[in-house]
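S.K.:
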Amino acid sequence: MKSYTQNMDDLLVKHLTGEATSAEVLAVEKWLADDEANRHYFEHFRLIWEESVQLADTAHVDEQAAWQRFQNRVQTGSFETPGAKVWPMNSPLLRAAVITGLVIGIAALTFFLFQNKPGKVIAMSNIHTNELVVSDSLPDGSLVTLNKHSQVSFPEKFSNDKRVLQLNGEAFFKVKPDKKKPFEVHTNNVTITVVGTSFNVRSRGDTTEIIVETGLVEVATEKQTILLRPGQKAITGSNEAILQKQSNTDQLYNYYRSKKFVCENTPLWKLVDKLNEAYEVQIIFGNEALRDLPLTTTFDNEPLDKILNILSTTFNISVVKEKGQIILR
Numbered sequence: 004m005k006s007y008t009q010n011m012d013d014l015l016v017k018h019l020t021g022e023a024t025s026a027e028v029l030a031v032e033k034w035l036a037d038d039e040a041n042r043h044y045f046e047h048f049r050l051i052w053e054e055s056v057q058l059a060d061t062a063h064v065d066e067q068a069a070w071q072r073f074q075n076r077v078q079t080g081s082f083e084t085p086g087a088k089v090w091p092m093n094s095p096l097l098r099a100a101v102i103t104g105l106v107i108g109i110a111a112l113t114f115f116l117f118q119n120k121p122g123k124v125i126a127m128s129n130i131h132t133n134e135l136v137v138s139d140s141l142p143d144g145s146l147v148t149l150n151k152h153s154q155v156s157f158p159e160k161f162s163n164d165k166r167v168l169q170l171n172g173e174a175f176f177k178v179k180p181d182k183k184k185p186f187e188v189h190t191n192n193v194t195i196t197v198v199g200t201s202f203n204v205r206s207r208g209d210t211t212e213i214i215v216e217t218g219l220v221e222v223a224t225e226k227q228t229i230l231l232r233p234g235q236k237a238i239t240g241s242n243e244a245i246l247q248k249q250s251n252t253d254q255l256y257n258y259y260r261s262k263k264f265v266c267e268n269t270p271l272w273k274l275v276d277k278l279n280e281a282y283e284v285q286i287i288f289g290n291e292a293l294r295d296l297p298l299t300t301t302f303d304n305e306p307l308d309k310i311l312n313i314l315s316t317t318f319n320i321s322v323v324k325e326k327g328q329i330i331l332r
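Numbering (the working numbering), first residue to last: 4 to 332.
#1: Label G86 either buried or exposed according to how many other C-beta atoms from any shown protein chain fall within 10 Å of its C-beta, with 16 as the threshold for buried.
#2: Ignore the nearest five residues each way along the sequence and tell me which others in E267's own chain have a CB closer than 6 angstroms to its CB.
#3: At what residues does the alpha helix (DSSP H) containing S315 begin and finish?
#4: Return the Cβ separation of L278 and I286 in integer angstroms, given the expectation that the two are a contact with Cβ distance under 8 angstroms.
#5: Within 10 angstroms of the Cβ of R1, are there 16 or more other Cβ atoms? Answer buried if so, exposed if not.
#6: Spatial neighbours of I310 within its chain, please: CB distance less than 8 angstroms, with the 5 preceding and 5 following residues excluded, ordered by chain position.
#7: Helix or strand or just coil, what does DSSP make of N41?
#8: Starting from A281, follow the alpha helix (DSSP H) in both directions and report where the run begins and ends.
#9: Could you give the distance in angstroms between the alpha-carbon of K33 and the alpha-carbon of S206?
#10: Going by Cα to Cα distance, which pick from N290, E280, E283, T317 is closest to P297?
#11: With a cut-off of 8 angstroms on the beta carbons, I'd call T200 and G218 a contact; round off their distance for me.
#12: By the DSSP assignment, the beta strand (DSSP E) with S250 in it spans what residues?
#13: Helix, strand or coil: how does DSSP classify V178 here?
#14: Going by other Cβ atoms of all chains shown within 10 Å of its Cβ, with 16 needed for buried, is Q9 buried or exposed?
#15: Measuring only between beta-carbons, confirm whether N203 sits less than 8 angstroms from chain C.
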């Protein structure tokens with residue numbers, strides 16, 4: 004189980020303020036690479052930091068004394084965060100570590116900056132999903148639809164100059180236009196900025212994918228910024244700084260909102276990937292030659308067995324269920 008120590012919190016603050024030495028930067032990067040839970044902790048830590056900076060000019064705090072109080076509370080764990088929601092994980096120990104990290108990180112950094120300013124504390128909200136897709140509204144009236152096993156975190160009230168959210172998993176955003184307050188989504192090492200548009204963000208494992216439906220979307224890493232238009236997408240890995248800009252060639256990404264699998268001359272492997280995700284099964288190819296077979300059809304909220312029967316008839320292939328797998332031959 005990873006622990007979020009006082010020394011690491013010190014390093015994270017120095018990293019965010021640009022005061023870390025080269026050795027400290029390497030230590031933070033290694034810590035982030037060690038465990039996905041560490042990345043989640045850092046992203047929520049960074050979200051609070053960025054929101055807090057918006058109010059820093061008006062919060063005249065004895066920073067040294069506040070930081071000492073912050074460290075003492077981190078060590079004792081004496082923070083209260085009523086109603087906090089946490090994204091569940093498979094391992095009880097890992098889940099406990101993440102819960103502890105998020106509670107301490109969010110509460111501690113807020114306390115550090117705004118302990119002496121009642122009314123300035125940033126209250127956080129979460130929308131998270133387990134086995135069901137969830138749609139909800141955000142504080143600004145924007146709409147978000149989260150795929151299964153996903154979470155979005157955001158302030159209960161956005162700051163005056165931008166709307167910042169942290170995403171883990173996959174979500175579709177329909178953003179309410181507001182030219183004075185850009186809408187930012189942070190996930191892995193990527194920042195997505197818009198004013199009013201609709202787009203899909205998928206962050207699973209080491210890969211982040213952004214697909215634009217309407218409007219313009221700015222996607223940025225530490226080393227690169229690109230602009231995406233409708234019908235375009237960008238892909239990058241969590242340890243990469245290079246964005247791959249491409250045309251989006253299918254509508255399968257939209258299945259969890261539309262309840263439809265739309266294939267337009269789509270390679271069979273792409274459909275299989277989405278079926279595995281949607282129905283939480285393991286469909287594999289017993290014959291690799293089947294992977295690139297083109298398919299043009301729409302499955303509208305069909306049971307998995309019906310879809311598999313149609314594939315079997317269409318391509319004259321066998322579907323075998325064996326040892327927890329579904330094998331296409």
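Glycine included, C-beta positions come from ideal geometry on N, C-alpha and C.
M.R.: In terms of the structure at hand:
#1: In the sequence shown, residue 86 corresponds to position 83, counting from 1. Because G86 carries a pLDDT of 39, less than 50, the predicted location of this residue cannot be relied on, and the following value inherits that uncertainty. That one is exposed.
#2: Along the sequence shown, read from residue 1 onward, the residue named residue 267 stands at position 264. The answer, listed in chain order, is T299.
#3: Walking along the sequence shown from the start, residue 315 turns up at place 312. Segment 307-318, the alpha helix (DSSP H) holding S315.
#4: Here the question's residue 278 lines up with position 275 in the sequence shown. Here the question's residue 286 lines up with position 283 in the sequence shown. Between I286 and L278 the Cβ distance is about 6 angstroms, and since that is below 8 angstroms, they are a contact.
#5: One cannot answer for residue 1 here, as it falls past the ends of the chain, which runs 4 to 332.
#6: As a first step, residue 310 is located in the sequence shown; it is residue number 307 there, counting from the start. The answer, listed in chain order, is F264, L278, F302.
#7: For the purposes of this step, residue 41 is identified with residue 38 of the sequence shown, where counting begins at 1. N41: helix per DSSP, three-state reduction.
#8: As a working mapping, residue 281 is identified with position 278 in the sequence shown. First-last of the alpha helix (DSSP H) with A281: 271-282.
#9: Within the sequence shown, the letter at position 30 stands for residue 33. Within the sequence shown, the letter at position 203 stands for residue 206. If you take the alpha carbons of K33 and S206, they lie about 20 angstroms apart.
#10: As a position in the sequence shown, residue 297 is number 294, starting the count at 1. Nearest option by C-alpha distance: T317.
#11: Walking along the sequence shown from the start, residue 200 turns up at place 197. Walking along the sequence shown from the start, residue 218 turns up at place 215. T200 to G218, Cβ: 3 angstroms. Contact.
#12: Locating residue 250 in the sequence shown gives position 247, counting from the first residue. Note, S250: beta strand (DSSP E), 247-250.
#13: Mapped onto the sequence shown, residue 178 falls at position 175. Coil at V178, not helix or strand.
#14: Here residue 9 corresponds to residue number 6 of the sequence shown, with the count starting at 1. For Q9, the predicted model reports a pLDDT of 48, less than 50, meaning its position is unreliable; a value from the coordinates is still stated below. Exposed: under 16 other Cβ atoms inside 10 Å.
#15: The chain inventory of the structure shown lacks chain C, comprising one protein chain alone.
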